[in-house]
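K.L.:
Attaching a single structure in structure tokens format; questions to follow.
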Ligand SMILES: [Zn+2]
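In structure tokens form, the structure reads like this:
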């Protein structure tokens, strides 16, 4: 699984509608990908707050950090692929 695939799968993950196969692939990727670990951590916290009926928001600076992190990773990855 790639980072972008993990992100694409996050919708299902968030919905709690994930298949065990997806879950295993996701956990496998997480074991060796720090940026995605951070994302999942935040997603899980967000889900917990959401289910508790509490308002939630990613801190803007964290959101920006994640955005930068993935942007850099993906730009590098795509540059390698197309190079
Ligand atoms: Zn990743």
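In the working numbering, the protein residues as written are 54 to 136.
All residues carry an ideal CB built from backbone N, CA and C; glycine is no exception.
Is the segment 99 to 106 touching the segment 116 to 130 in the sense that three or more CB pairs, one from each, lie closer than 8 Å?
P.N.:
Judged by Cβ distances under 8 Å, the segment 116 to 130 makes no contact with the segment 99 to 106, as fewer than three pairs qualify.
K.L.:
May I ask whether a heavy atom of ligand 1 can be found less than 7 Å away from the beta carbon of residue 86?
P.N.:
Yes - ligand 1 has a heavy atom lying nearer than 7 Å to the Cβ of residue 86.
K.L.:
In this structure, how does DSSP classify residue 107 when only helix, strand and coil are distinguished?
P.N.:
Coil at residue 107, not helix or strand.
K.L.:
Could you tell me if residue 89 is buried or exposed, where buried requires 16 or more neighbouring beta carbons within 10 angstroms of its beta carbon?
P.N.:
Counting Cβ neighbours within 10 Å, residue 89 comes out buried, since at least 16 surround it.
K.L.:
Tell me whether residue 128 sits in a helix, a strand or coil according to DSSP, three-state version.
P.N.:
Here residue 128 sits in helix by DSSP.
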